[in-house]
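Residue 103 in my numbering sits at position 90 of the sequence shown, and the numbers go up by one each step.
Note that beta-carbon positions come from the ideal geometry of N, C-alpha and C, so glycine has one too.
Keep in mind that this is a model prediction, so the values were computed, not measured.
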Amino acid sequence: MIEQIEQVLQEALAAIDAADTPEALNAVRIQYLGKKGSIQALMTKMKDLPKEEKPAFGQKVNGLKTAVSEQLEARQAALKEAVQKTRMAAEAIDITLPGTKLEAGTTHPLIMIQQELESLFVGMGYKIAEGPEVEDDYYNFELANIPQDHPARDMQDTFYIDPRTLLRTHTTAMQMRELEKAKGGLPIKLICPGKVYRRDDDDATHSHQFMQCEGLVVGEHITLADLKGTLEYMANTMFGEGRKVRFRPSYFPFTEPSVEVDVSCPFCNGKGCSVCKGSGWIEILGAGMVHPHVLEMNGFDPEKCSGFAFGVGLERVAMLKYGIDDIRNFYMNDLRFLKMFDRFD
Ligand code: PHE
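Pasting the structure below:
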């Protein structure tokens with residue numbers, strides 16, 4: 014019997030040693046220390062022993078139990094440590110490895126100009142309006158006083174989707190939507206930046222898609238002088254202090270009078286250089302007083318109110334401001350071009 018105890022001990026120690034996973038070790042525990050395990054089996058055999066041998070036997074089996082338990086615990090701790098070591102090795106980070114460079118984008122130069130204009134006009138209390146690029150002929154032309162036979166309606170100039178639907182040719186379409194929405198309510202003070210489309214052949218100064226930002230103010234006693242002051246402020250903010258603004262007569266169906274607006278050349282301060290072609294002035298936008306008929310069509314009384322409107326091309330402003338000589342650069346997605354603007358971001 015005593016030899017049997019020794020044998021169980023040796024077997025158990027060997028089995029514990031051989032168990033190389035926590036699961037295997039648990040199976041060994043059950044095999045030896047479980048209710049139906051070998052050690053319990055030895056205990057049950059005690060009742061067959063003569064009375065005087067029982068204490069010594071009991072002691073031995075208890076010793077066996079303790080030895081096996083201790084060995085199991087030690088093995089369990091060792092296994093746990095090994096598992097942790099393997100995991101740490103697998104998760105180890107080599108901080109000396111070069112990192113993966115994240116390609117960060119930059120704001121597109123046209124969006125920069127748009128944001129500059131937005132904050133400049135929001136600062137003066139203007140709202141920013143939005144409208145669809147796929148537009149109804151009604152808002153793009155009809156409400157803007159552009160009659161059926163006007164050359165702007167020509168298939169040569171406009172992308173038509175169907176006879177009544179087109180890609181807006183100017184942000185004036187948004188102005189008309191806003192005027193209609195206001196239902197004669199005053200005052201109106203808003204800008205509408207956005208993309209516009211025309212059937213132009215692309216070259217250094219023309220693009221079939223470009224961006225405009227239009228401004229519209231309607232209220233009591235609004236005059237051409239208000240327009241001039243506003244544009245002067247805009248020119249000084251966008252092109253630097255000291256800019257002057259000059260009006261030349263022009264024609265737009267939706268404004269009367271209409272003007273072409275020049276800014277004194279920011280490159281030579283009006284003295285004359287290659288950018289302004291020696292004139293000292295650079296044309297930047299079209300503007301005028303909202304045509305009384307446009308006000309009327311939209312439910313405003315031209316006897317009681319008046320308004321001014323202007324429309325500026327964002328590419329034109331960006332080209333002047335950043336010295337860009339080809340409008341196509343804005344639409345080519347050439348990273349060498351786009352990355353130049355991260356310093357303005
Ligand atoms: N809509 C005109 C254009 O696209 C610009 C403009 C806007 C002119 C508002 C006058 C008033 O050229």
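If we ignore side chains and look at the alpha-carbon of each, how far apart do residue i and residue j end up?
{"i": "T178", "j": "G255", "result": "44 Å"}
{"i": "K284", "j": "D338", "result": "21 Å"}
{"i": "K352", "j": "G118", "result": "8 Å"}
{"i": "F260", "j": "T113", "result": "55 Å"}
{"i": "K257", "j": "Y152", "result": "33 Å"}
{"i": "E65", "j": "M14", "result": "14 Å"}
{"i": "A105", "j": "V96", "result": "14 Å"}
{"i": "N249", "j": "G312", "result": "35 Å"}
{"i": "E154", "j": "R166", "result": "Looking at the sequence itself, residue 154 is Phe, so the reference to Glu does not match. Roughly 8 Å between the two C-alpha positions."}
{"i": "Y45", "j": "K78", "result": "9 Å"}
{"i": "D149", "j": "L237", "result": "30 Å"}
{"i": "K140", "j": "P111", "result": "48 Å"}
{"i": "D30", "j": "A103", "result": "25 Å"}
{"i": "D214", "j": "T268", "result": "27 Å"}
{"i": "K317", "j": "H221", "result": "39 Å"}
Measuring CB to CB, does residue i end up less than 8 Å from residue j?
{"i": "G207", "j": "G320", "result": "no"}
{"i": "A157", "j": "M187", "result": "no"}
{"i": "H13", "j": "Q225", "result": "Residue 13 is absent from the structure shown; the chain starts at 14 and stops at 358."}
{"i": "E309", "j": "F223", "result": "no"}
{"i": "A300", "j": "V330", "result": "no"}
{"i": "V307", "j": "I295", "result": "no"}
{"i": "H219", "j": "I126", "result": "no"}
{"i": "M56", "j": "V41", "result": "no"}
{"i": "F354", "j": "T120", "result": "yes"}
{"i": "R212", "j": "Q169", "result": "yes"}
{"i": "P122", "j": "Y335", "result": "yes"}
{"i": "P270", "j": "M302", "result": "yes"}
{"i": "Y210", "j": "F172", "result": "yes"}
Between residue i and residue j, which are expected to be in contact by the criterion C-beta below 8 Å, what is the C-beta distance as a whole number of angstroms?
{"i": "I174", "j": "V147", "result": "7 Å"}
{"i": "G253", "j": "K202", "result": "Not really, about 25 Å apart at Cβ, beyond 8 Å."}
{"i": "F81", "j": "I108", "result": "Just to set this straight, residue 81 is Val in the shown sequence, not Phe. No, V81 and I108 are not in contact; Cβ-Cβ is about 45 Å, not under 8 Å."}
{"i": "E227", "j": "G324", "result": "4 Å"}
{"i": "L240", "j": "E191", "result": "Contact flag wrong, Cβ pair sits at about 18 Å."}
{"i": "L244", "j": "V274", "result": "6 Å"}
{"i": "I204", "j": "L298", "result": "I204 to L298, Cβ: 12 Å. No contact."}
{"i": "K48", "j": "M59", "result": "No, K48 and M59 are not in contact; Cβ-Cβ is about 16 Å, not under 8 Å."}
Closer than 7 Å by C-beta to residue i: which residues in its own chain qualify, once you throw out the five before and the five after it? Chain order, please.
{"i": "I235", "result": "S319, G320 and F321"}
{"i": "S292", "result": "G285"}
{"i": "P315", "result": "P305, L308 and E309"}
{"i": "I18", "result": "L55, K73, V74 and L77"}
Here's a check: name, in chain order, each residue in its chain whose Cβ is nearer than 8 Å to the Cβ of residue i, leaving out the five neighbours to either side.
{"i": "Q89", "result": "P35 and L38"}
{"i": "I43", "result": "G50"}
{"i": "L62", "result": "M14 and F70"}
{"i": "N346", "result": "none"}
{"i": "M332", "result": "D338 and I340"}
Are there any heavy atoms of the ligand HEM lying less than 7 Å away from the beta-carbon of residue i, as far as the coordinates show?
{"i": "A142", "result": "Questions concerning the ligand HEM fall outside what the structure shown contains, since the ligands it does hold are the ligand PHE."}
Problem - 4 or more residues per run - each alpha helix (DSSP H) lying fully within the segment 108-189 - result: 122-135
Exercise for the section: Within the segment 221-275, note down every full beta strand (DSSP E) run reaching 3 residues or more, in order along the chain. Expected result: 222-232 and 258-265
Exercise for the section: Output the residue ranges of the alpha helix (DSSP H) runs that lie fully inside the segment 279-338 and measure 4 residues or longer, sorted by chain position. Expected result: 305-310 and 327-335
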